[in-house]
Amino acid sequence: MPQRVYLDWNATTPLRAEARDAIVAALETCGNPSSVHGEGRKARKILQDARAAVAASLGAAPESVVFTSGATEANVLALVPGLHRTHAQPVERLIVSAIEHASVLSGGRFGREIIEIAPVDRSGVIDLTALDGLLADKPPALVSVMLANNETGVVQPIRDVAQRVRAHGGVLHVDAVAAFGKIDIDISALDVDFLSISAHKIGGPKGVGALLVAGDLRGLRPLITGGGQEKGRRAGTENLPGIAGLGAAAKAAAAGRDHLTGHCDALRRRLEMGLKAILPSTIVFSEGVDRVCNTTLFSAPGLHAETAVIGFDLEGIAVSSGSACSSGKVQPSHVLEAMQAGPELAQGGVRISLGWETTENDIDRALEAWRKVAGSLVKKNDETVLERF
Ligand code: PMP
């Protein structure tokens with residue numbers, strides 16, 4: 059029985075050895091980080107070291123880091139009316155891009171019904187002119203745009219977004235989950251107010267993440283109230299093993315980022331060339347724009363994503379249809395819908411995402427599986443659909 063091949067790294071990654079060691083060490087530490095005695099100080103040191111590591115990996119100050127139960131909580135914590143920069147007017151509107159994660163599209167504490175949606179173009183890049191239109195001549199808004207999309211891998215022009223949001227006195231939140239560990243991120247160079255990350259996408263454990271909050275931002279109201287942990291921004295005794303794992307994973311991800319980029323770039327080129335060589339009608343979405351190194355979203359006329367994912371799985375290959383959070387629902391990806399991919403291609407979107415353990419042999423195994431899946435699932439090639447891309 060050949061070994062399975064895991065190519066769904068955007069859904070979650072294997073645990074890094076450094077993270078596992080840090081988790082075990084934290085589990086074996088008895089103290090509560092809030093206690094003043096020696097045991098407490100030992101636990102506090104673990105917390106401080108993790109905070110420093112996360113901050114350093116994002117060019118941020120340690121006090122900007124609020125540890126959370128993951129990026130979902132970080133996103134919802136950030137999306138709250140009344141935020142403002144010092145001396146600026148509080149934001150009462152929310153604008154989000156059409157391709158955000160469900161936790162952003164839900165609107166946090168704004169309420170889904172008042173959200174304004176900023177469209178993307180056919181390549182999945184935010185439409186800056188449309189964003190200008192949404193920002194103009196209205197009260198300042200909180201804007202949420204992800205740094206890289208988890209389905210297509212497209213890197214968004216966040217500096218251009220930030221410039222526009224600033225010019226209108228607004229506040230900017232960036233979901234950096236899919237970009238963290240893959241591209242260089244410096245929170246002050248990007249000029250964003252909030253940035254969300256998740257540990258399990260970079261080799262840390264599931265169920266822990268962080269929201270980074272710029273120093274001059276005011277009006278953040280906690281989701282969880284009680285004790286004064288995380289400077290009153292998130293009450294409750296800290297998830298020390300998880301946080302230690304996040305810190306160690308962030309450090310390892312930063313150290314390995316350049317290598318990962320080269321490694322994944324080469325493997326992805328092999329993958330995408332192979333996919334198209336096997337089935338020439340294959341469309342690789344967003345191929346012509348800046349993408350993180352590890353993500354390929356593809357489709358073909360006649361392909362059904364859910365059936366394709368099962369087909370790959372039967373061949374021992376783990377891939378996904380669109381985002382993992384929406385798998386289980388047989389619905390076209392909202393990202394492909396926003397890119398106006400058309401129903402036939404949108405229903406076939408399959409995502410293959412790579413990581414530091416992916417090998418050339420894994421790619422070749424995936425291509426062998428694709429040969430079978432494509433042969434059995436794809437109907438007739440429809441040139442009218444292809445012409446549009
Ligand atoms: N944002 C993006 C872009 C994601 O891919 C995910 C995870 N699927 C999340 C947010 C939520 O992260 P978590 O699993 O830590 O809640």
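Counting with my numbering, you get residues 59 to 447 for the letters of the sequence shown. Ideal Cβ positions, reconstructed from N, Cα and C, are used throughout, including at glycine.
Taken in chain order, the unbroken stretches of alpha helix (DSSP H) that lie wholly in the stretch 235-285 and span 4 residues or more are 245-248.
One alpha carbon belongs to H317, the other to S155, and they sit about 31 Å apart.
Contact between the stretch 252-265 and the stretch 223-243 is present, with at least three C-beta pairs closer than 8 Å.
For F356, DSSP records a beta bridge to V342 and V408. Sorting G300, G89, N90 and R167 by C-alpha distance to the C-alpha of V112 places G300 at the top. With contacts defined by Cβ atoms closer than 8 Å, M397 and R151 do not form a contacting pair. Each of A110, T365, A310 and A312 was checked against the Cα of A427, and the nearest Cα belongs to T365. Remark: C-beta atoms of F356 and V271 do not approach each other more closely than 8 Å. With contacts defined as CB atoms closer than 8 Å, R292 and V123 fail to qualify as a contacting pair. In this chain, the alpha helix (DSSP H) harbouring A160 covers A160 to L163. G262 sits away from A136, with the two beta carbons spaced by 8 Å or more.
If the five residues before and after R167 are omitted, its C-beta is found closer than 7 Å to the C-beta atoms of L137, V138 and P139, all from its own chain and listed in chain order. Exposed is the label assigned to P197, since fewer than 16 other Cβ atoms lie within 10 Å of its Cβ. A Cβ-Cβ distance of about 12 Å is found for the pair V203 and Q221, leaving them out of contact under the 8 Å criterion. Within 7 Å of the C-beta of H392 there is not a single heavy atom belonging to the ligand PMP.
In this structure the stretch 362-377 touches the stretch 410-429; the number of beta carbon pairs closer than 8 Å is three or more.
In its chain, beyond the 5 residues on either side, P120 have a beta carbon closer than 6 Å to the beta carbon of A110. When distances are taken from the beta-carbon of G267 to the heavy atoms of the ligand PMP, the shortest one is below 7 Å. Per the Cβ contact rule, the stretch 412-419 is in contact with the stretch 62-69 (3 or more Cβ pairs under 8 Å).
In this structure, T130 has its CB closer than 7 Å to one or more heavy atoms of the ligand PMP. A distance below 7 Å between beta-carbons, with the five flanking residues on each side excluded, links T340 to the following residues of its chain, in chain order: L333, K334, F356 and A358. Separation of R143 and S246 (C-alpha to C-alpha, rounded to the nearest whole angstrom) is 15 Å. Secondary structure at S202: strand, using DSSP grouped into helix, strand and coil.
CA-CA distance, P338 to G239, rounds to 32 Å.
The nearest non-hydrogen atom of the ligand PMP is 7 Å or more from the C-beta of N297.
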